[in-house]
Amino acid sequence: MRQVKALIADDEPLLRERLRAHLAVLWPELALTDDARNGAEALELVAAHRPDIVFLDIRMPGMNGIDTARALARSTHLVFVTAYEQYALQAFEQGAVDYLVKPIDRVRLADTVTRLQRQLPASAHDPAALAATLDGLAARLGHHAAPPARWLQWIKASVGNSVRLIPVEQVHFLRAEEKYTRVVWDEGEALIRKTIRELADQLDPERFVQTHRAVIVNLACVREVVRGMNETADVHLRHGGEILPVSRSYLHHFRQM
Amino acid sequence: MTRPTSLRFPISACLPAPRHAVVVTAFTLLLSVPLQRLSGSPYLEVFGHVGCVGAILLVACSAAVALRPRWLGPGLARLAAIVLAAPVAVLLTFLIAERGNVVAFLRQPQSQTAYVAMVVMALLFGVPFSLMAMRSERRQRERADRLQIELEKNRLERELLDVRLRMLHAQIEPHFLFNTLANIEALVASGSANAAPVLRHLIAYLRAAMPRLNDADATLETELQLVRSYLELMRLRMPDRLRFAVATPPAAAALRFPAMALLTLVENAVRHGIDPSVDGGEIDVGGHCDPHTGAMTLWVSDTGVGMAETALPGTGLANLRSRLHAFYGTAARVDLHDVAPHGVRVELHFQAKETA
Numbered sequence: 025m026r027q028v029k030a031l032i033a034d035d036e037p038l039l040r041e042r043l044r045a046h047l048a049v050l051w052p053e054l055a056l057t058d059d060a061r062n063g064a065e066a067l068e069l070v071a072a073h074r075p076d077i078v079f080l081d082i083r084m085p086g087m088n089g090i091d092t093a094r095a096l097a098r099s100t101h102l103v104f105v106t107a108y109e110q111y112a113l114q115a116f117e118q119g120a121v122d123y124l125v126k127p128i129d130r131v132r133l134a135d136t137v138t139r140l141q142r143q144l145p146a147s148a149h150d151p152a153a154l155a156a157t158l159d160g161l162a163a164r165l166g167h168h169a170a171p172p173a174r175w176l177q178w179i180k181a182s183v184g185n186s187v188r189l190i191p192v193e194q195v196h197f198l199r200a201e202e203k204y205t206r207v208v209w210d211e212g213e214a215l216i217r218k219t220i221r222e223l224a225d226q227l228d229p230e231r232f233v234q235t236h237r238a239v240i241v242n243l244a245c246v247r248e249v250v251r252g253m254n255e256t257a258d259v260h261l262r263h264g265g266e267i268l269p270v271s272r273s274y275l276h277h278f279r280q281m
Numbered sequence: 017m018t019r020p021t022s023l024r025f026p027i028s029a030c031l032p033a034p035r036h037a038v039v040v041t042a043f044t045l046l047l048s049v050p051l052q053r054l055s056g057s058p059y060l061e062v063f064g065h066v067g068c069v070g071a072i073l074l075v076a077c078s079a080a081v082a083l084r085p086r087w088l089g090p091g092l093a094r095l096a097a098i099v100l101a102a103p104v105a106v107l108l109t110f111l112i113a114e115r116g117n118v119v120a121f122l123r124q125p126q127s128q129t130a131y132v133a134m135v136v137m138a139l140l141f142g143v144p145f146s147l148m149a150m151r152s153e154r155r156q157r158e159r160a161d162r163l164q165i166e167l168e169k170n171r172l173e174r175e176l177l178d179v180r181l182r183m184l185h186a187q188i189e190p191h192f193l194f195n196t197l198a199n200i201e202a203l204v205a206s207g208s209a210n211a212a213p214v215l216r217h218l219i220a221y222l223r224a225a226m227p228r229l230n231d232a233d234a235t236l237e238t239e240l241q242l243v244r245s246y247l248e249l250m251r252l253r254m255p256d257r258l259r260f261a262v263a264t265p266p267a268a269a270a271l272r273f274p275a276m277a278l279l280t281l282v283e284n285a286v287r288h289g290i291d292p293s294v295d296g297g298e299i300d301v302g303g304h305c306d307p308h309t310g311a312m313t314l315w316v317s318d319t320g321v322g323m324a325e326t327a328l329p330g331t332g333l334a335n336l337r338s339r340l341h342a343f344y345g346t347a348a349r350v351d352l353h354d355v356a357p358h359g360v361r362v363e364l365h366f367q368a369k370e371t372a
């Protein structure tokens with residue numbers, strides 16, 4: 025019979041060694057390839073060694089365990105390894121994919137080894153069930169992570185010899201000044217290279233409005249808008265004495281209020 | 017969508033506020049009583065004249081405030097409107113009363129006297145009214161400002177309470193705890209001499225991270241010890257990816273410091289900076305105190321993956337800011353800096369105060 029090969033992918037070296045030691049006792053005939061420290065390495069090593077089994081940590085830098093599993097050949101048996109994923113564990117309930125919890129319990133690992141030995145000559149997971157499990161896992165982990173933000177949250181500005189990350193909620197207004205844009209916030213002001221046009225597209229329109237070709241203002245900082253002559257107006261800010269212009273084409277932002 | 021602004025438009029803005037209209041109506045009704053006595057004309061006729069002048073001046077004032085040029089304040093605009101509109105208002109009133117026959121009417125000497133008297137009276141009463149309006153406007157604005165300050169104070173207090181309540185809940189992330197325990201188990205199983213010191217770091221971390229009611233006995237020194245324990249545990253877990261240096265600034269032992277404030281930043285640096293990076297990076301924690309001014313700067317700097325400009329700020333930073341404000345006053349600051357070529361540096365600035 026051909027020797028069974030396995031790969032361990034985990035970013036924590038002590039945990040890789042521990043799993044190796046457990047497997048050496050429970051399954052001495054198992055041949056372990058070099059370990060992978062992240063998802064990308066796991067894919068390389070799988071291509072090189074074609075292991076029958078991959079022990080895959082879910083949280084890894086770069087490419088995580090779920091994405092790595094999607095990219096793996098369907099003939100590979102997967103065993104996910106995780107420390108504690110309160111929500112994610114539900115994804116394994118259908119039993120399509122095996123999983124282990126860290127710190128690894130030797131009795132539990134022995135069950136997994138027995139199951140793998142029984143299944144092994146046969147082909148691996150049912151593709152549909154595997155895909156469903158991976159989707160469920162990704163959804164449950166993604167549910168926990170912050171959703172990708174659409175709008176700018178920080179403005180990078182050179183202040184002295186460092187680059188400040190200014191939270192947008194602290195920004196009072198932005199105003200074009202020749203080649204640069206002046207940003208005024210709670211703690212001072214700075215010049216940035218982004219243009220008003222770029223900023224108008226990137227800032228949350230619920231919080232920032234463009235009032236003029238050269239001006240974007242934070243609505244939370246507006247004290248009042250005073251109507252002037254010729255379909256224009258002035259924006260008076262809460263902090264400081266700066267008065268910003270509203271030109272005719274942007275006045276509609278302040279109508280019906 | 018609601019916007020915290022209001023736009024005054026000419027049409028609606030030229031109309032006087034109802035409150036002003038009531039005041040002027042009441043005043044002209046009263047003023048007509050002595051004038052009726054003096055002139056001997058019927059009361060309604062006198063009120064017709066006085067009321068008409070009052071109404072025109074009121075509208076002139078409101079329109080002047082709404083349409084005034086940018087350089088003119090509302091008080092001055094109102095005053096100018098009264099002075100300029102008074103002669104016109106009286107003339108208009110006569111025009112209406114005499115049904116357009118005003119030239120013939122003004123030829124009579126007693127009419128001329130009446131005209132001048134009316135204009136003088138309009139100025140005499142109109143100017144004080146405009147000054148009164150200016151004062152009440154200023155009071156209203158002061159009241160609004162006071163309310164704003166009060167609201168801001170309430171918000172700060174509420175935020176601090178939120179932070180305190182959250183501190184009462186356990187802060188330990190299960191994923192961190194079980195992964196660390198798995199590492200310690202591996203050390204113990206392999207008979208490593210490192211097991212005992214690592215376990216001590218975990219104990220120190222857990223003790224600090226337990227729910228607590230107040231941080232009366234926390235100092236910068238205890239905080240830096242906690243940070244070291246946490247980083248030692250993380251280095252055990254990712255020895256090839258995490259390097260760190262923690263420097264203790266002088267006088268750290270005597271400096272009261274909100275517990276877990278630096279730890280939060282270091283945990284963020286590991287979680288969002290080092291851990292997502294395949295190559296890892298370095299974390300540098302340190303501080304500096306200006307011996308003359310007592311201005312304290314603490315920093316947590318990492319060379320991890322850095323922060324996207326669209327990364328949503330977590331509640332951690334806002335909480336940290338509230339706690340620093342509560343501890344060191346509202347001049348305390350939390351600044352974020354970009355680290356070249358990639359990474360984030362967070363700086364805390366505050367005025368150091370020694371333990372009593």
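Quick mapping for you: the protein sequence lines, in order, are chains A and B.
The numbering used here puts the first sequence at residues 25 to 281.
The numbering used here puts the second sequence at residues 17 to 372.
We treat Cβ as the ideally placed atom computed from N, Cα and C, and that holds for glycine.
Could you tell me whether any Cβ in chain A is nearer than 8 Å to the Cβ of residue i?
i             : result
residue 22/B  : Here residue 22/B scores only 46 on pLDDT, less than 50, and its place in the model should not be relied on; the value that follows carries that caveat. At least one chain A Cβ lies under 8 Å of residue 22/B.
residue 326/B : yes
residue 209/B : no
residue 250/B : no
residue 291/B : yes
residue 312/B : no
residue 286/B : no
residue 253/B : yes
residue 426/B : Examination of residue 426/B is not possible in this model, given that chain B is present from 17 through 372 alone.
residue 17/B  : For residue 17/B, the predicted model reports a pLDDT of 38, less than 50, meaning its position is unreliable; a value from the coordinates is still stated below. Yes, its Cβ sits closer than 8 Å to a Cβ of chain A.
residue 33/B  : no
residue 256/B : yes
residue 372/B : At residue 372/B the pLDDT is 40, less than 50, meaning the model places this residue with poor confidence; the figure from the coordinates comes in the next sentence. Chain A, which has no Cβ nearer than 8 Å to the Cβ of residue 372/B, makes this no.
residue 306/B : no
residue 14/B  : Missing from the structure shown is residue 14/B; chain B here goes from 17 to 372 and no further.
residue 414/B : No answer is possible for residue 414/B: it lies beyond the span of chain B, which begins at 17 and ends at 372.
residue 353/B : yes
residue 36/B  : no
residue 190/B : yes
Within the 8 Å Cβ cut-off, does residue i reach chain B?
i             : result
residue 261/A : no
residue 108/A : yes
residue 91/A  : no
residue 254/A : no
residue 231/A : no
residue 112/A : no
residue 41/A  : yes
Which partner residues does residue i have in the DSSP bridge list?
i             : result
residue 201/A : 204/A
residue 299/B : 260/B, 318/B
residue 88/A  : None; residue 88/A has no bridge partner.
residue 363/B : 315/B, 351/B
residue 101/A : 77/A
residue 235/B : 272/B
residue 303/A : It is not possible to answer for residue 303/A, since the shown part of chain A is limited to 25 through 281.
residue 232/A : 242/A
Using alpha carbons as the reference points, say which of the options lies closest to residue i.
i             : options                    : result
residue 114/B : 65/B, 204/B, 225/B         : 65/B
residue 263/A : 181/A, 36/A, 196/A, 164/A  : 196/A
residue 176/A : 142/A, 230/A, 130/A        : 230/A
residue 157/B : 272/A, 48/A, 39/A, 247/A   : 247/A
residue 274/B : 234/B, 189/B, 87/B         : 234/B
residue 122/A : 223/A, 136/A, 73/A, 112/A  : 136/A
residue 366/B : 262/B, 343/B, 252/B        : 343/B
residue 213/B : 290/B, 162/B, 320/B, 244/B : 244/B
residue 124/A : 213/A, 118/A, 102/A        : 102/A
- Message: Across the stretch 106-115 of chain B and the stretch 130-141 of chain B, are there enough close Cβ pairs to call them in contact, namely three or more that are closer than 8 Å?
- Response: yes
- Message: Beta carbons nearer than 7 Å to chain B: which residues of the stretch 175-186 of chain A have them?
- Response: 175, 176, 177, 178, 180, 186
- Which residues, in order along the stretch 138-162 of chain A, keep a beta-carbon less than 7 Å from a beta-carbon of chain B? none
- Item | Interfacial residues, the stretch 340-351 of chain B to chain A, with Cβ spacing under 9 Å | 349, 351
- Message: Quick test of the definition: if touching needs 3 or more C-beta pairs under 8 Å, does the stretch 307-318 of chain B touch the stretch 269-282 of chain B?
- Response: yes
- the stretch 194-209 of chain B: which residues have C-beta closer than 8 Å to a C-beta of chain A, in chain order? 194, 195, 197, 198, 199, 201, 202, 203, 205, 206
- Message: For the pair the stretch 141-160 of chain A and the stretch 320-338 of chain B, tell me if three or more CB-CB distances fall below 8 Å.
- Response: no
- With a cut-off of 8 Å, do at least 3 Cβ pairs link the stretch 218-230 of chain A to the stretch 29-42 of chain B? no
- Query: Taking Cβ-Cβ distances below 9 Å as the criterion, which residues of the stretch 212-240 of chain A are in contact with chain B?
  - Reply: 226, 230, 233
- Message: Count Cβ pairs between the stretch 253-271 of chain A and the stretch 232-245 of chain A that sit closer than 8 Å; are there 3 or more?
- Response: yes
- Could you run through the stretch 42-72 of chain A and flag, in chain order, every residue whose CB is less than 8 Å away from some CB of chain B? 42, 45, 61, 62, 64
- Inter-stretch contact at 8 Å, needing at least 3 Cβ pairs: the stretch 57-68 of chain A / the stretch 26-33 of chain A: yes
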